[in-house]
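Q: I'd like to ask some things about the structure below.
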Amino acid sequence: MSDIFLLIKEMLAYILCTALAVLPILIYFRNPYFLKDLYCTFISIYVGIRLSRIEKRFYSILDRFLDKVAEHPHKKFIVYEESSYTYSQADRESNKVARALLTHAHLKQGDTVALFLGNEPWFVWMWLALSKLGCTASFLNVNIRSKSLLHCFSCCEAKVLIAGADLQGAIEEVLPTLKQQGILVFILREHCHVDGIESLSDKIQMESDEPLSRQLRASINIKSPAVGVYEGMSMYGKIG
């Protein structure tokens, strides 16, 4: 009797395995897009879970950078000419920049600052610093001059302009207009004797590199503008 039950179990198991093996084939012939639909369903669920996490806490580019600082503080972040900078160094330098701007430019969350800088580490320090203050960075093309420069600057509606040392001549060309508009102009030099332009490098070096309070950017969310970009020789900006 037990042999009969054992035989029945084996037959049922065989039938079940056969059915499971044939089922995908039958489903495919009946609905050729079943596997693709199943894949899309799993992807939709995965994306939904990720989005729900993002909605719970806004995760910015700055947050990602700070996470990398914590994970790999001594890993190279930037290599520029003969110098290299780690994640930790970039974090500390941007902290000093942020503190200097907080003290001398009196920036607050939501302000816009125009950056007239070339391809150099200072560009990154400035962008990170402004992000830590909850400010929008407006990137100005270093090739524009005179009226084009003034037009782009007026479009971004910034009250502060920061320029690289090698671009001081271009700033001096439009300085009378900037002074009339009450624009605060900084140059990345340790000393500047031009009326209407303040040196910034010396002020940065005097600041602490300790982390800044997250409260400075507490109201920043996914709808807050991060940067304003002026492409090529165009005078029209894009906000992202």
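Residue numbers (the UniProt record's numbering): 1 to 240.
The beta-carbon is built from N, C-alpha and C at its ideal position, and this holds for glycine as well.
Bear in mind the structure is a predicted one, so any value in this text is a computation, not a measurement.
Given R92, which residues of its chain have a CB within under 8 Å of its CB, disregarding the five upstream and five downstream residues?
A: If we look at R92 and ignore the five residues flanking it on each side, its Cβ neighbours are D209.
Q: How would you write the range of the beta strand (DSSP E) that L161 sits in, first residue to last?
A: Unbroken beta strand (DSSP E) run through L161: V160 to A163.
Q: Can you tell me whether DSSP reads I222 as helix, strand or coil?
A: In this structure, I222 counts as coil in the three-state DSSP scheme.
Q: Considering only DSSP beta bridges, list what L186 is partnered with.
A: According to the sequence displayed, residue 186 carries Phe and not Leu. F186 pairs with I162 and E198.
Q: Am I right that G134 and R64 are in contact with their C-beta atoms under 8 Å? What's the rounded C-beta distance?
A: With a Cβ gap of about 16 Å, G134 and R64 do not count as contacting.
Q: Just checking my contact of A129 with S94 at CB under 8 Å: how many whole Å lie between their CB atoms?
A: Right, the Cβ-Cβ distance comes to about 5 Å (below 8 Å), so this counts as a contact.
Q: In terms of residue numbering, what span does the alpha helix (DSSP H) encompassing V113 cover?
A: Unbroken run through V113 is the beta strand (DSSP E), T112 to F116; no alpha helix (DSSP H).
Q: According to the Cβ coordinates, are G228 and C156 closer than 7 Å?
A: Yes.
Q: So what's K76 in DSSP terms, helix, strand or just coil?
A: Strand, per DSSP.
Q: On a Cα-Cα basis, can you pick out the residue from H104, K96, A137 and T103 that is closest to D111?
A: For D111, the nearest C-alpha among the options comes from A137.
Q: Run through the DSSP bridge pairs and tell me what Y87 is partnered with.
A: In the DSSP output, where bridge partners are listed per residue, Y87 has none listed.
Q: Taking Cβ positions, are L107 and L101 nearer each other than 7 Å?
A: Yes, these two residues count as a Cβ contact at 7 Å.
Q: Using a Cβ cut-off of 7 Å (strictly closer), state whether R189 contacts chain B.
A: Absent from the structure: chain B. Only one protein chain is present.
Q: State buried or exposed for residue 309, treating a residue as buried only when at least 16 other CB atoms are found within 10 Å of its CB.
A: In the structure displayed, the chain extends from 1 to 240; residue 309 sits before or after that span and is not available.
Q: Tell me the rounded alpha-carbon separation between P225 and W122.
A: C-alpha separation (whole angstroms): 21 Å.
Q: I'd like the list of long-range same chain contacts for K75, defined as Cβ closer than 7 Å, with 5 residues on each side in sequence excluded.
A: Same-chain partners within the cutoff: T86 and Y87.
Q: Which one of L66, V97 and V69 has the shortest CA to CA distance from I204?
A: It is V97 whose Cα lies nearest to the Cα of I204.
Q: Which one of N143, E81 and V160 has the shortest CA to CA distance from A105?
A: When each option's Cα is compared against that of A105, the closest is V160.
Q: If you check the beta carbons only, do F139 and I162 fall under 7 Å apart?
A: Result no, Cβ atoms of F139 and I162 do not sit closer than 7 Å.
Q: Determine the extent of the alpha helix (DSSP H) in which F153 is found, giving its start and end residues.
A: First-last of the alpha helix (DSSP H) with F153: S146 to C156.
Q: Relative to the C-alpha of residue 268, which residue among S60, Y59 and W127 is closest?
A: Residue 268 lies beyond the stretch modelled for the chain, which goes from 1 to 240, so this question has no answer here.
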